[in-house]
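**Student:** Position 189 (the sequence shown) corresponds to 1380 in the numbering used here; numbering is contiguous. Beta carbons: idealized from backbone N, C-alpha and C, even for Gly. Can you keep this structure in mind? I'll have questions shortly.
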Amino acid sequence: MALIGKLATSVAIGAAIFGCLALGLVASERSIPDLRANGDGLNFDVLAGSDVAGLNSAVPLQRYSARDGADLGFRRWESGREDLPLIVAVHGSGWHGQQFSTLGAALARQGLGDVIAPDLRGHGHNPERRGDVDYIGQFEDDLADLIAQQVRPGQRVVMLGHSSGGGLVIRFAGGAHGDLLSGAVLLAPFVQHDAPTMRTGSGGWARVMTRRIIGLSMLNMVGFTGLNHLPILQFRFPSTVLDGPLGDTATREYSFRLNASYAPRRDWQSDIAALPDFLLLVGDHDEAFVADAFEPAFSDITQRGRYGQISSGHLDLVDHPETLRLIGDYMAGL
């Protein structure tokens, strides 16, 4: 009995030390107030005259209901044809579905599909809780609900995503709803922090609270999720965006659970292996990711991909004319 008591005491002490260490790591990093780009991060200058200037908002924001009753927004561009797929366009980190104002309209106009672009939960115009979700994986459930409410009977679904949105497409393919997809278009997708495609801090765009992430991961390992609402990632938007007409729609930091929901799982190779036939495009001078690393990393896992590099950076890849052309070639071959 004395031995059992000593073991129990040792376990209790070990658990207390573990908890204190985890909480100490969580407390050791905090958000920086009003973090902005200062000559670092992504090149937003290439977007002059685009949606960040508030010039392409002609398509109204529509609403749909998620399974938890949340009222979420999306935009839709109609092709006017019944025989085309539904293209679900998933925006990148910090922004919202208006990112696809140009590309979405062009895809529909050229008869490539009906396009819907959601404002992911926690993003866009006046979300309930900016930069946060309720649980890890909620984005996938929200997208499945949107698809169910917007797809026609028998209509194929192609999911398109840029940057973190591309990472969410990969996650979606490997998750419970992956069988909804007939195809995928990945525009410079985020894979994981330890993937060979990654530059440190996404090339300066993101401020990662590494110690806080480690601490929260430790707590999650033992089933404690009560601090998953805490922010662990901040973005360096330039003042030209934050002080512009859409500055209040920027999402400047992410909680632990939102960030985890926005990327492939830790076993990102399994999520990639679950992708349907896909097209992956990246700019040859992408500031956030290593362009040449995508094809070898993905082709080692799956043979379902087509790849291309475009003369662009990370942000201007979305609206580049060559991007539209290559997506058209891919859609014609589905």
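Please list the segments of the beta strand (DSSP E) lying wholly inside the region 1246–1276, counting only runs of 3 or more residues, in order along the chain.
**Tutor:** Listed in chain order, they are 1253–1256, 1262–1268.
**Student:** Check whether the region 1268–1276 touches the region 1483–1492, taking contact to mean three or more Cβ pairs, one atom from each stretch, closer than 8 Å.
**Tutor:** Because the criterion of three Cβ pairs below 8 Å is not met, the region 1268–1276 and the region 1483–1492 do not touch.
**Student:** Report yes if the CB atom of G1438 is closer than 7 Å to the CB atom of D1231, and no otherwise.
**Tutor:** Stepping through the sequence shown from its first residue, residue 1438 is reached at position 247. Stepping through the sequence shown from its first residue, residue 1231 is reached at position 40. Remark: C-beta atoms of G1438 and D1231 do not approach each other more closely than 7 Å.
**Student:** At what residue ranges does the region 1366–1447 contain a whole run of the alpha helix (DSSP H), taking only runs of 4 or more?
**Tutor:** Restricted to the region 1366–1447, the alpha helix (DSSP H) segments that are unbroken, complete and at least 4 residues in length are 1401–1412, 1430–1433, listed in chain order.
**Student:** To the nearest angstrom, how far is the alpha carbon of L1421 from that of A1397?
**Tutor:** Taking the sequence shown and counting its residues from 1, the one referred to as residue 1421 is at position 230. Taking the sequence shown and counting its residues from 1, the one referred to as residue 1397 is at position 206. Each residue's Cα considered, the two are about 16 Å apart.
**Student:** Leaving out five residues before and five after T1388 in sequence, what residues of the same chain have Cβ atoms less than 7 Å from its Cβ?
**Tutor:** Counting from one through the sequence shown, the residue named residue 1388 turns up at place 197. Closer than 7 Å at the Cβ level, and outside the excluded window around T1388, lie V1382, F1480, V1481, A1484, F1485, A1488.
**Student:** What is the rounded straight-line gap between the Cα of A1244 and the Cα of I1361?
**Tutor:** Against the sequence shown, residue 1244 aligns to sequence position 53. Against the sequence shown, residue 1361 aligns to sequence position 170. Legend: pLDDT at A1244 = 49, less than 50; position of this residue unreliable, value from coordinates given subsequently. Taking the straight line joining both Cα atoms gives about 30 Å.
**Student:** Just how far apart, CA to CA, sit V1349 and L1214?
**Tutor:** Here residue 1349 is taken as the residue at index 158 of the sequence shown, counted from 1. Here residue 1214 is taken as the residue at index 23 of the sequence shown, counted from 1. Annotation: V1349 to L1214 spans about 42 Å, alpha carbon to alpha carbon.
**Student:** Quick one: residues in its chain with C-beta nearer than 6 Å to the C-beta of D1262, no 5 flanking neighbours on either side, listed in chain order?
**Tutor:** Against the sequence shown, residue 1262 aligns to sequence position 71. Taken in chain order, the residues that qualify are R1254.
**Student:** Run through DSSP, which three-state label would I1208 get?
**Tutor:** Start at 1 with the first residue of the sequence shown, and residue 1208 comes out as number 17. Reduced to three states, the DSSP call for I1208 is helix.
**Student:** Between which residues of its own chain and N1234 is the CB-CB distance below 7 Å, once the five residues before and five after are set aside?
**Tutor:** By one-based count along the sequence shown, residue 1234 stands at place 43. In the same chain as N1234, and ignoring 5 residues on each side of it, the C-beta atoms closer than 7 Å to its own belong to E1478, G1504, L1506, in chain order.
**Student:** Pull up the distance between the alpha-carbon of Q1340 and that of L1303, whole angstroms please.
**Tutor:** For the purposes of this step, residue 1340 is taken as residue 149 along the sequence shown, with counting starting at 1. For the purposes of this step, residue 1303 is taken as residue 112 along the sequence shown, with counting starting at 1. Approximately 20 Å between the Cα atoms of the pair.
**Student:** Find the nearest neighbour of S1354 within the set V1342, S1284, H1314, L1371, judged by alpha-carbon distance.
**Tutor:** Locating residue 1354 in the sequence shown gives position 163, where the first residue counts as 1. Per the Cα distances, S1284.
**Student:** For a quick check, are the C-beta atoms of G1374 and L1525 less than 7 Å apart?
**Tutor:** Residue 1374 sits at position 183 when you count from the first residue of the sequence shown. Residue 1525 sits at position 334 when you count from the first residue of the sequence shown. Closer than 7 Å, so yes.
**Student:** Suppose contacts are defined by Cβ-Cβ distances below 7 Å. Is A1280 in contact with L1371 by that definition?
**Tutor:** Along the sequence shown, one-based indexing puts residue 1280 at 89. Along the sequence shown, one-based indexing puts residue 1371 at 180. The answer is no: Cβ separation not under 7 Å.
**Student:** Compare the Cα-Cα distances from I1405 to each of G1205, A1203, F1209 and report the closest residue.
**Tutor:** The count along the sequence shown starts at 1 and reaches residue 1405 at position 214. Taking only the C-alpha atoms, the option nearest I1405 is F1209.
**Student:** By how many angstroms is the C-alpha of R1321 removed from the C-alpha of E1444?
**Tutor:** Residue mapping note: residue 1444 aligns to position 253 of the sequence shown, counting from 1. Residue mapping note: residue 1321 aligns to position 130 of the sequence shown, counting from 1. Going from the Cα of E1444 to the Cα of R1321 covers about 8 Å.
**Student:** Would you check if the region 1493–1501 and the region 1399–1415 touch, i.e. whether three or more CB-CB distances between them fall below 8 Å?
**Tutor:** no
**Student:** Would you list the one or two residues that DSSP bridges to M1350?
**Tutor:** Translated into positions along the sequence shown, residue 1350 becomes position 159. M1350 is bridged to V1279, A1375.
**Student:** Quick one: what does DSSP say V1473 is sitting in, helix, strand or coil?
**Tutor:** The residue given as residue 1473 occupies position 282 in the sequence shown. Residue state, collapsed to three classes: strand.
**Student:** So what does DSSP say about Y1521, is it helix, strand or coil?
**Tutor:** Here residue 1521 refers to the residue found at position 330 when the sequence shown is read from its first residue. In the structure shown, Y1521 sits in a helix (DSSP, three-state: H, G or I).
**Student:** Return yes when at least one heavy atom of the ligand COA lies under 6 Å from the C-beta of L1334, else no.
**Tutor:** This structure simply doesn't include the ligand COA, nor any ligand for that matter.
**Student:** With DSSP as the reference, label V1306 as helix, strand or coil.
**Tutor:** Looking up residue 1306 in the sequence shown gives position 115. V1306 falls in the strand class under three-state DSSP.
**Student:** The alpha helix (DSSP H) with I1361 in it runs from where to where?
**Tutor:** For the purposes of this step, residue 1361 is taken as residue 170 along the sequence shown, with counting starting at 1. Per DSSP, I1361 belongs to the alpha helix (DSSP H) from 1355–1364.
**Student:** Determine the extent of the alpha helix (DSSP H) in which R1312 is found, giving its start and end residues.
**Tutor:** The sequence position of residue 1312 within the sequence shown is 121, counting from 1. Run containing R1312: none; DSSP gives neither H nor E here.
**Student:** Can you tell which of E1220, L1277, L1378 has its C-alpha closest to the C-alpha of I1501?
**Tutor:** Along the sequence shown, one-based indexing puts residue 1501 at 310. Measuring from the Cα of I1501, the nearest candidate turns out to be L1378.
**Student:** DSSP three-state label for Q1289, please.
**Tutor:** For the purposes of this step, residue 1289 is taken as the residue at position 98 of the sequence shown. Helix at Q1289.
**Student:** Kindly indicate which three-state DSSP category G1328 falls into: helix, strand or coil?
**Tutor:** Counting from one through the sequence shown, the residue named residue 1328 turns up at place 137. Here G1328 sits in coil by DSSP.
**Student:** Work out the CA separation of G1288 and T1440 for me, nearest whole Å.
**Tutor:** Along the sequence shown, read from residue 1 onward, the residue named residue 1440 stands at position 249. Along the sequence shown, read from residue 1 onward, the residue named residue 1288 stands at position 97. So the alpha carbons of these two residues sit roughly 11 Å apart.
**Student:** Sorted by chain position, which residues of the same chain lie with C-beta nearer than 7 Å to S1461's C-beta, five sequence neighbours on each side aside?
**Tutor:** For the purposes of this step, residue 1461 is taken as residue 270 along the sequence shown, with counting starting at 1. Once the five neighbours on either side are set aside, the close Cβ partners of S1461 are G1365.
**Student:** Using CA coordinates, which residue listed in L1226, V1473, L1424, H1511 is at the minimum distance from L1294?
**Tutor:** Within the sequence shown, the letter at position 103 stands for residue 1294. The candidate whose alpha carbon is nearest that of L1294 is H1511.
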